[in-house]
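Residue numbers (the numbering used here): 130 to 517. Where a beta carbon is used, it is the ideal one built from N, C-alpha and C, also for glycine.
Rendered as structure tokens:
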């Protein structure tokens, strides 16, 4: 432990610390006396020399200077930009260690934020291809006054500047070819964002509409949702935030009827065409706000026979949406989220006063080498609340 006491931690000072945890987001957690210090690109059990970069009232942040005691699970990153580029946080970790760490982080968040028993969280389903999996990225251009040219790449890990990159190791080869095309045909000025993507085979996706960014683990993600729906015995499905109809169309054959709800009109038009391609005729897609559409849909489909699937943005569900779900009380909720913290918050609201019960959460590692992870939760209406 460092001889420096917490009161004397200053920006620029150095100390030796041992890391006892990795916080969600990727920063290692250490202590100087009782003062918490967060440092990225380290592993649990490692001892390292760190330089303090920021000091707050209750914690400090630092950067890694050198590892003094190395974890046996530390590996050499494949990417030459790792540590500078802010896109990846875990390339220095063996992949099996990443999965175990993400499971612990999810359990900790669920218990701390949602008051949820960690036993409901299953093991993280691994991605069969931990590198070269991303089918969509956004690169930025920024004028570099020192080299008098554009930097084209991603935001740095330690500031808001852009690190210049030739390739992205977690992106599909076709995406890396597009990076080279942009570099050969650069934007006319800095500040321009360029979205690069590989179109999913058999799906129509408008330029600004959402689609899962990892084709390799997508079958597992769908498989989890399908099993949850089968287990519920529901006869109807309402897919909220349905986008281009991905979950509706992948699960639609399991129910008598389904409806997908989405505010994005272009996505709804694409969803309808995607349904036509699959000759799936037991459902429909409607444009509108979920908060306005859900009550009518629950009257049309008996709540006790209906599953509502929600796949909200990273910020989670709106409070009024959660309250509406508590009031309409469908048989099952399948909640898909790429942000365990906001998911834990929302699950806590949904399960309050025993309205819903969280049966199972299955994490899927849709984002290897990064701090992100996708989770699918199975919530059931408690029988004690079925009196209407």
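Look at the Cβ atom of residue i, then the Cβ atom of residue j, and state whether they are nearer than 7 Å.
i	j	result
residue 171	residue 144	no
residue 491	residue 251	yes
residue 255	residue 228	yes
residue 495	residue 343	yes
residue 361	residue 436	yes
residue 445	residue 411	no
residue 354	residue 502	no
residue 376	residue 368	yes
residue 402	residue 333	yes
residue 253	residue 221	no
residue 535	residue 217	Residue 535 is absent from the structure shown; the chain starts at 130 and stops at 517.
When the Cα atoms are used, what is the spatial distance from residue i to residue j?
i	j	result
residue 130	residue 397	Residue confidence is low: residue 130 scores 38 on pLDDT, short of 50, so the model does not pin down where it sits. Its coordinate-derived value is still stated next. Distance between the alpha carbons of residue 130 and residue 397: 57 Å.
residue 299	residue 259	7 Å
residue 281	residue 274	14 Å
residue 500	residue 427	37 Å
residue 352	residue 199	38 Å
residue 106	residue 173	Only positions 130 to 517 of the chain appear in this structure, which leaves residue 106 out of reach.
residue 278	residue 319	9 Å
residue 409	residue 400	11 Å
residue 442	residue 475	12 Å
residue 291	residue 285	6 Å
residue 456	residue 247	27 Å
residue 312	residue 214	17 Å
residue 155	residue 287	13 Å
residue 523	residue 479	What the structure shows of the chain is the stretch from 130 to 517, and residue 523 is not part of that stretch, so it cannot be assessed.
residue 404	residue 331	11 Å
residue 469	residue 235	6 Å
residue 147	residue 197	10 Å
residue 304	residue 310	10 Å
residue 425	residue 466	25 Å
residue 262	residue 223	17 Å
residue 276	residue 317	16 Å
residue 203	residue 153	18 Å
Please classify residue i as buried or exposed, where buried requires at least 16 neighbouring CB atoms within 10 angstroms.
i	result
residue 269	buried
residue 363	buried
residue 391	buried
residue 328	exposed
residue 472	buried
residue 482	exposed
residue 449	exposed
residue 314	exposed
residue 267	exposed
residue 141	exposed
residue 132	Confidence at residue 132 is low in this model, with a pLDDT of 40, below 50, so its placement is unreliable and no value can be given for it.
residue 516	Per-residue confidence for residue 516 stands at a pLDDT of 42, beneath the threshold of 50, marking its modelled position as unreliable; no derived number is given.
residue 429	exposed
residue 134	With a pLDDT of 43 at residue 134, under the threshold of 50, the modelled position of this residue cannot be trusted; read the value that follows with caution. Residue 134 is exposed by the Cβ-count criterion.
residue 431	exposed
residue 324	exposed
residue 225	exposed
residue 337	exposed
residue 157	buried
residue 201	exposed
residue 349	buried
Since I believe residue j is in contact with residue i (beta carbons under 8 Å), could you give me their beta-carbon distance rounded to a whole number of angstroms?
i	j	result
residue 373	residue 345	Incorrect: roughly 19 Å between the Cβ atoms, too far for contact.
residue 413	residue 388	6 Å
residue 166	residue 193	Going by Cβ atoms, the distance from residue 166 to residue 193 rounds to 11 Å, so no, they are not a contact pair.
residue 423	residue 335	Between residue 335 and residue 423 the Cβ distance is about 24 Å, and since that is not below 8 Å, they are no contact.
residue 438	residue 463	4 Å
Output yes if chain D places a C-beta closer than 7 Å to the C-beta of residue i; else output no.
i	result
residue 468	As a matter of chain content, chain D is missing from the structure shown, which is built from one protein chain.
Review point. Per the contact definition of three or more C-beta pairs closer than 8 Å, is the stretch 175–189 in contact with the stretch 238–245?
Key: no
Practice item. Taking 8 Å as the threshold, find out whether the stretch 473–487 comes into contact with the stretch 370–385 through three or more Cβ pairs. Key: no
Check your understanding: Counting pairs of Cβ atoms below 8 Å between the stretch 198–212 and the stretch 289–306, do you hit three or more?
Key -> yes
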